[in-house]
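There are 2 protein chains.
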Amino acid sequence: MLNQILQPIQPQIGRFEERFKKTLESDVKLVQAMGDRIMETRGKILRPALSLLTAQAIGECSDRAIDAAIGIEIIHTATLIHDDVVDFADKRRGTEVLNLRWGNQAAVLMGDFLLARALQVLVGLDSMEVMRAATRAVGRMIEGEIQEIQGGVEAESAIYFSMIDKKTASLMALSCEVGAILGGGTPEQVAQMSTFGKEVGIAFQITDDLLDFTGDEESLGKPVGNDVRERKLTLPLIRALGNCQNGEAERIQAKVRSGIESDEELQEVFHFVERYKGIEEAREEAKTYATSGLKNLLVLTTSDARQALELAVRHVVDRDR
Amino acid sequence: MLNQILQPIQPQIGRFEERFKKTLESDVKLVQAMGDRIMETRGKILRPALSLLTAQAIGECSDRAIDAAIGIEIIHTATLIHDDVVDFADKRRGTEVLNLRWGNQAAVLMGDFLLARALQVLVGLDSMEVMRAATRAVGRMIEGEIQEIQGGVEAESAIYFSMIDKKTASLMALSCEVGAILGGGTPEQVAQMSTFGKEVGIAFQITDDLLDFTGDEESLGKPVGNDVRERKLTLPLIRALGNCQNGEAERIQAKVRSGIESDEELQEVFHFVERYKGIEEAREEAKTYATSGLKNLLVLTTSDARQALELAVRHVVDRDR
Numbered sequence: 013m014l015n016q017i018l019q020p021i022q023p024q025i026g027r028f029e030e031r032f033k034k035t036l037e038s039d040v041k042l043v044q045a046m047g048d049r050i051m052e053t054r055g056k057i058l059r060p061a062l063s064l065l066t067a068q069a070i071g072e073c074s075d076r077a078i079d080a081a082i083g084i085e086i087i088h089t090a091t092l093i094h095d096d097v098v099d100f101a102d103k104r105r106g107t108e109v110l111n112l113r114w115g116n117q118a119a120v121l122m123g124d125f126l127l128a129r130a131l132q133v134l135v136g137l138d139s140m141e142v143m144r145a146a147t148r149a150v151g152r153m154i155e156g157e158i159q160e161i162q163g164g165v166e167a168e169s170a171i172y173f174s175m176i177d178k179k180t181a182s183l184m185a186l187s188c189e190v191g192a193i194l195g196g197g198t199p200e201q202v203a204q205m206s207t208f209g210k211e212v213g214i215a216f217q218i219t220d221d222l223l224d225f226t227g228d229e230e231s232l233g234k235p236v237g238n239d240v241r242e243r244k245l246t247l248p249l250i251r252a253l254g255n256c257q258n259g260e261a262e263r264i265q266a267k268v269r270s271g272i273e274s275d276e277e278l279q280e281v282f283h284f285v286e287r288y289k290g291i292e293e294a295r296e297e298a299k300t301y302a303t304s305g306l307k308n309l310l311v312l313t314t315s316d317a318r319q320a321l322e323l324a325v326r327h328v329v330d331r332d333r
Numbered sequence: 013m014l015n016q017i018l019q020p021i022q023p024q025i026g027r028f029e030e031r032f033k034k035t036l037e038s039d040v041k042l043v044q045a046m047g048d049r050i051m052e053t054r055g056k057i058l059r060p061a062l063s064l065l066t067a068q069a070i071g072e073c074s075d076r077a078i079d080a081a082i083g084i085e086i087i088h089t090a091t092l093i094h095d096d097v098v099d100f101a102d103k104r105r106g107t108e109v110l111n112l113r114w115g116n117q118a119a120v121l122m123g124d125f126l127l128a129r130a131l132q133v134l135v136g137l138d139s140m141e142v143m144r145a146a147t148r149a150v151g152r153m154i155e156g157e158i159q160e161i162q163g164g165v166e167a168e169s170a171i172y173f174s175m176i177d178k179k180t181a182s183l184m185a186l187s188c189e190v191g192a193i194l195g196g197g198t199p200e201q202v203a204q205m206s207t208f209g210k211e212v213g214i215a216f217q218i219t220d221d222l223l224d225f226t227g228d229e230e231s232l233g234k235p236v237g238n239d240v241r242e243r244k245l246t247l248p249l250i251r252a253l254g255n256c257q258n259g260e261a262e263r264i265q266a267k268v269r270s271g272i273e274s275d276e277e278l279q280e281v282f283h284f285v286e287r288y289k290g291i292e293e294a295r296e297e298a299k300t301y302a303t304s305g306l307k308n309l310l311v312l313t314t315s316d317a318r319q320a321l322e323l324a325v326r327h328v329v330d331r332d333r
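Going down the list, the sequences are from chains C and Z. Count along the first sequence from 1, add 12, and you get the number used in the working numbering. Count along the second sequence from 1, add 12, and you get the number used in the working numbering.
Right, here's the structure in full:
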């Protein structure tokens, strides 16, 4: 994450990192080995940043808020590990995924282990409100993942939005919701920050799906065109298909459905999406969600933390990885 | 389960079955299809029986106790699904496993989905005590599973017992613990029923491991010799290896470690385990744990439910599947 975004919660981020590492420790060797690898390939810690900044902006970013952020980041890590098993991925963040190194079996169990550990961390907060929100969010995330793999989905944006709301936005909503609860927010603030997280999450996922078309392999740490190769219809393609009024749309959709077989075919899909304004429109929609999300911040008084949240939202839609 | 065991909680079992089915429902088609398959191939419902009988024996087997039993049975179901992915299993309970029919990907996510749903059911009980116990048990179960696959384990009974305590006994302990909590037990009763569940769980797993040597494929619903084929050293083999004072022990252990390649080799291991009293001793140990478990029931006043728990323990060590 940009230093500027983390600046108002610098001491808390330090404690977060230290305790996150401790939480992954285990005297089971295989768990420790996989945990070490996870520590070496950390991501953007966007969810913890949103959670801690929300707590800070609302009231106080306490040790309890840090523990909640750890629980949420571990849930995120667990789902990434299972995603990589499900997607037959090779690389994430420029590094070989866990299942390639230790096998799908170990990766499945490591994901389970992390999910259990995350829930144990959250239970430690002794708050049924947090547990209710967390278990609901985890359930919705997994439903979204299953919707994604069940296939046979029409090129309909309603289905796409319902899926990313569950798959991605629910955990971002949880991050902000829990931050607001532990920061001592009113029920109204908690609800609005949950909506904020949800809208930022949708903007985040649209941007992720855009980067699969427009990104650079090196900065992404994984190949582009993954979604198309995996026959996934994401927003840029859905919009381009909707904008194309001739038979080309059907041909392209059939090609993606039956499986792209060469780089030439991939390039053809890329050009189609560009030509029929799929990139342009999806980028606009990501911005619209980001803007809508930002409005929820008006329930908070002005502060460095609130400014950092605004910056985080802009970063979510402007990033190149 | 034997009707006699379920007799004192007959109405509750009816409601349990009805609500268990409802809890698996989903408007995501793939989830519903896998859920239907799970309903067709239900197991012995030993954990719910222990949980509901404990609640009844202690005080009252209420709707809350039924919900807890549903949560626990769903946790069990989720771990079986991930186990089948991890073990490359073909059959469970005489039927094709989920991952063969829908693929490992769907099975991984279905396990995740069920775990999330189980936790949502348990959250509904609004008891931090239950949530603490449940998340701890799930964490220990998965640690046990990982210990089991990490391999390189010596033929040591201490390692075996630590592993089955986590992998199997922790969920049985949870079943009885939660039953005691929701039945209105005193802290002493809750602790003793947790110990009861743990000891019954260890007896259960030893018996399971025995059945892999002595069972009948048709009543088991899966092939015998699975553990040996998967290079797992279970108690009967560990005891036989310990009893054999000549080089044969090393030879047999090396064979199992390097992978059994024929039915003849499997038969040779079977005869070795029988000849060196592996079956006999493991059976004795299962009985010792069962007897020790039964002593914990003395904290309860005599009742039909307590008698049924005693019967359940005897069934655990005497069953043929």
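The beta-carbon is built from N, C-alpha and C at its ideal position, and this holds for glycine as well. Nothing here was measured: the structure is a model prediction, and the numbers come from that model.
Assigned with DSSP and collapsed to three states, E293/Z falls in helix. In terms of beta-carbon proximity, I154/C lines the interface with chain Z, with at least one pair separated by less than 8 Å.
Within the stretch 113-128 of chain C, the residues whose Cβ lies closer than 8 Å to some Cβ of chain Z are N116, Q117, A118, V120, L121, M122, G123, D124, F125, L127, A128, listed in chain order. By the beta-carbon neighbour count (other beta carbons within 10 angstroms, threshold 16), R287/Z is exposed.
Setting aside the 5 residues that flank it on each side, N308/Z is surrounded in the same chain by Q204, T207, F208, each with a C-beta closer than 6 Å to its C-beta; the list follows chain order.
Only those residues of the stretch 217-240 of chain C whose C-beta falls short of 8 Å from the nearest C-beta of chain Z would be listed, and there are none.
DSSP places Y288/Z outside any alpha helix (DSSP H), giving it a letter other than H or E. Under the three-pair Cβ rule at 8 Å, the stretch 187-205 of chain C does not count as touching the stretch 260-277 of chain C. Cα atoms of L306/Z and I93/Z: separation of roughly 31 Å, rounded to the nearest angstrom. In summary, R113/C is exposed, with fewer than 16 beta-carbon neighbours lying within 10 Å of its beta-carbon over all protein chains present.
By the criterion of a C-beta distance shorter than 8 Å, L110/Z is surrounded in its chain by M46, R49, I50, I93, D96, A118, A119, M122, once the five residues flanking it on both sides are discounted. Using beta-carbon distances, G151/C counts as an interface residue toward chain Z, with a partner under 8 Å.
Restricting attention to M175/C, P60/C, K34/C, the CA atom closest to the CA of I218/C is found in M175/C.
For Q24/Z, the enclosing alpha helix (DSSP H) starts and ends at 22-35.
The beta carbon of L323/C lies closer than 8 Å to those of L14, Q16, I17 in the same chain, with the five residues before and after it left out. E260/Z and F125/C have their C-alpha atoms some 38 Å from each other. Sequence-ordered contacts of the stretch 73-94 of chain Z with chain C read A90, T91, H94 [C-beta pairs closer than 9 Å]. When DSSP states are grouped into helix, strand and coil, D221/Z belongs to the helix group. For the beta strand (DSSP E) assignment, the stretch 91-163 of chain Z encloses no uninterrupted run of at least 3 residues. The three-state secondary structure of G305/C, taken from DSSP, is helix. In this structure L186/C is buried. Its beta-carbon is surrounded by 16 or more other beta-carbon atoms within 10 angstroms.
Per the coordinates, the alpha-carbon of P248/Z lies some 33 Å from the alpha-carbon of E37/C.
Residues of chain Z with a Cβ closer than 8 Å to the Cβ of V97/C are, in chain order, N116, Q117, V120. Where S174/C is concerned, the enclosing alpha helix (DSSP H) starts and stops at 169-176. In the structure shown, the three-state DSSP call for Q257/C is coil.
Non-local beta-carbon contacts of S304/C in its own chain, meaning distances under 8 Å to residues more than five positions away in sequence, involve E211 in chain order. The beta-carbon of L42/Z is placed less than 8 Å from the nearest beta-carbon of chain C. By the CB criterion at 8 Å, R129/Z and I86/Z fall inside the cutoff. G196/C carries a coil assignment under DSSP once its states are collapsed to helix, strand and coil.
P199/Z counts as exposed, since fewer than 16 other beta carbons sit within 10 angstroms of its beta carbon. Excluding residues up to 5 positions away in sequence, L14, I17 lie with their Cβ nearer than 7 Å to the Cβ of H327/Z in the same chain.
For A252/Z, the closest alpha carbon among the candidates L222/Z, E229/Z, N238/Z is that of L222/Z. Against chain C, a Cβ distance below 7 Å from T147/Z picks out A128, L131, Q132, V135. Per the coordinates, the alpha-carbon of E141/Z lies some 25 Å from the alpha-carbon of R152/C. With distances taken between CA atoms, T300/Z lies nearest to G213/Z out of L62/Z, V202/Z, L131/Z, G213/Z. Contact annotation for R144/C against chain Z: Q132, V135, G136, D138 [CB-CB distance below 9 Å, chain order].
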